[in-house]
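The listed protein sequences correspond, in order, to chains A and B.
Quick note, my numbering runs 227 ahead of the 1-based positions in the first sequence.
Quick note, my numbering runs 235 ahead of the 1-based positions in the second sequence.
Beta carbons are placed, not taken as given, at the ideal position from N, Cα and C, and that holds for glycine.
Below is one structure, written out as structure tokens; comments come after it.
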Amino acid sequence: MAVLTPTVNSNALIAGFDDPVQHGQQVFRALLKAMSEPGTLIELELNLATPGLLNNSTWQTLLSLLDADTQLWLSPRLNSDERVTSNLRFHCQSPIIDGSKAADFAVALADELPVLRDLNWGTSEYPDRSTTLIVQVPALSDEPHWELTGPGIESRKTARIAGLSEEFRLALINSRKRFPLGVDCIFCCGSKLLALPRSTQIREMRPEEGEA
Amino acid sequence: MSVTSQQANAELTPEQASRKRWIGILAKAELKDLQQHWQALVLPAAPEYQFIRKPETGLTMLRGRIGGSGQPFNMGEMTVTRCALRLASGTLGLSYIAGRSKEHAITAALADALLQEERTAELLESALINPLDEIQQAAQAERMREASSTKVDFFTMVRGED
Chain A
228 MAVLTPTVNS
238 NALIAGFDDP
248 VQHGQQVFRA
258 LLKAMSEPGT
268 LIELELNLAT
278 PGLLNNSTWQ
288 TLLSLLDADT
298 QLWLSPRLNS
308 DERVTSNLRF
318 HCQSPIIDGS
328 KAADFAVALA
338 DELPVLRDLN
348 WGTSEYPDRS
358 TTLIVQVPAL
368 SDEPHWELTG
378 PGIESRKTAR
388 IAGLSEEFRL
398 ALINSRKRFP
408 LGVDCIFCCG
418 SKLLALPRST
428 QIREMRPEEG
438 EA
Chain B
236 MSVTSQQANA
246 ELTPEQASRK
256 RWIGILAKAE
266 LKDLQQHWQA
276 LVLPAAPEYQ
286 FIRKPETGLT
296 MLRGRIGGSG
306 QPFNMGEMTV
316 TRCALRLASG
326 TLGLSYIAGR
336 SKEHAITAAL
346 ADALLQEERT
356 AELLESALIN
366 PLDEIQQAAQ
376 AERMREASST
386 KVDFFTMVRG
396 ED
């Protein structure tokens, strides 16, 4: 059995949660709220030192969600950042894999998103075995750019997620047709995050609609 | 009891080999012996450090091989406490110890870090690691002596053929 030993550079290691159990639960609770009320901007309370290219909310999300049983895919620049990979291996023990198809979690920077098709959308029998995509974006707000409707949203919500390519936006909107299959997304920016589970319908608003 | 993997000793540099030795001694030391020698140390300055991983206790599966060479099997789980910390100078200290003593884990990690520092390595080696090693070897010799006093030699009588 040839298992390549993943390397951890001890010089790159930084501290994780100060109180792993309490803080892990606190962030998990915030993620639960984000997922159950799609489009709600959540501000994380803790402020941690972050490894390399990761920002505060991405780092805390990963610390609370990942463990040794979750396969992790990283977008190219994250994957080549030793500070990111060393700390994720040390604190989460997640195996970092090459192919995004088998990933339980995929983490990407907004300018190097994976093709949505290449992620795991789950199967009809087990739609829950899909990839959760975590994207680090340059800006997040509730400006009227996307109109969101669906479970967890009373009437409608608006959101603007900066830095997503046209191709990705269309793919994400169209992916709703294959419900219950699909990919759940968490968008992170600074200490803020916003979740769009696959049940949320997205409509791109025309510029003049924003005025009304 | 050896729980090291088979290739563990294969290609260690001298630094890795000596670090492995002191990490093992620190892990196997009795808490009271460790404490006693640790508190007697006269360090140039009280070490400042930051936790990278606060001491945490969990279970780890022990694997064994029958006769040391058979197929690996799961022998059982044991309680392990581990800790990682970084000195102000940047040196990282690690510890994995049996049991649930957080104090033991912190002291062992701190000692591991200081043993990698040029300034304190020699002092710790002579005033902490070597005495602990002697205590452990004496205890081991004592156990062997007790065991060998009840040793039974089996032999086969050879019948007189002539």
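Q | Cutoff 7 Å; reference D268 (chain B); Cβ partners in own chain excluding five residues on either side | A | L367 and I370
Notebook entry, point to check: So what's L340 (chain A) in DSSP terms, helix, strand or just coil?
Noted result: coil
* Tell me, please, which residues DSSP counts as bridged to T292 (chain B). => B:T316
Query raised in the report: Are the beta-carbon atoms of L301 (chain A) and A333 (chain A) separated by less than 9 Å?
Result: yes
Checking contacts by CB at 9 Å: is F308 (chain B) closer than that to chain A?
Cβ-Cβ to chain A under 9 Å: no for F308 (chain B).
For E283 (chain B) and A344 (chain B), I'd like the C-alpha separation in whole angstroms. So the two alpha carbons sit approximately 13 Å from each other.
TODO: Out of B:G303, B:R354, B:A262 and B:G305, point me to the one whose CA is closest to A280 (chain B)'s CA.
DONE: B:R354
| message | Restricting to Cα atoms, I'd like to know which of A:L397, A:Q249, A:V410 and A:P278 is closest to D355 (chain A). | response | A:V410
- Interface flag, N282 (chain A) vs chain B, CB-CB below 9 Å: no
One question on the structure: do I380 (chain A) and P247 (chain A) come within less than 9 Å of each other, judged by their Cβ atoms?
No, the pair does not count as a contact, with Cβ atoms beyond the cut-off.
According to DSSP, is G305 (chain B) part of a helix, a strand, or is it coil? coil
Problem - Limits of the unbroken beta strand (DSSP E) element including K384 (chain A) - result: K384 to I388
CB T297 (chain A) to CB L305 (chain A), shorter than 9 Å? No, these two residues do not count as a Cβ contact at 9 Å.
Chain B within 9 Å of D245 (chain A), Cβ atoms only:
yes
Check whether the Cβ atoms of L240 (chain A) and A319 (chain B) lie closer than 9 Å to each other. Yes, Cβ-Cβ distance for L240 (chain A) and A319 (chain B) is below 9 Å.
From the beta carbon of V230 (chain A), is the nearest beta carbon of chain B less than 9 Å away? Only weak support exists for where V230 (chain A) lies, its pLDDT of 48 falling under 50; the value from the coordinates is given anyway. Taking Cβ atoms only, chain B never reaches closer than 9 Å to V230 (chain A), which makes this a no.
Chain A contacts from the stretch 275 to 293 of chain B (Cβ-Cβ distance under 8 Å): Of all residues in the stretch 275 to 293 of chain B, Q285, F286, I287, R288, K289 and E291 have a Cβ within less than 8 Å of some Cβ in chain A.
Residue span of the alpha helix (DSSP H) that contains W348 (chain A), given as start and end
No alpha helix (DSSP H) contains W348 (chain A), which DSSP labels as neither H nor E.
Exercise for the section: Excluding the 5 residues preceding and the 5 following M296 (chain B) in the sequence, name in chain order all residues of the same chain whose CB lies nearer than 7 Å to its CB. Expected result: N309 and E312
Once the 5 residues before and after D308 (chain A) are set aside, which same chain residues still bring their CB inside 6 Å of it? G279 and L280
- Task: Show which residues of chain A have a CB atom less than 9 Å away from the CB atom of L345 (chain B).
- Result: Ordered by position in chain A, no residue passes the 9 Å Cβ test against L345 (chain B), which lies about 15 Å from the chain.
Measuring straight from C-alpha to C-alpha, what distance separates K328 (chain A) and N347 (chain A)?
5 Å
Query - Residue-chain proximity (L350 (chain B), chain A), Cβ-Cβ < 9 Å - result: no
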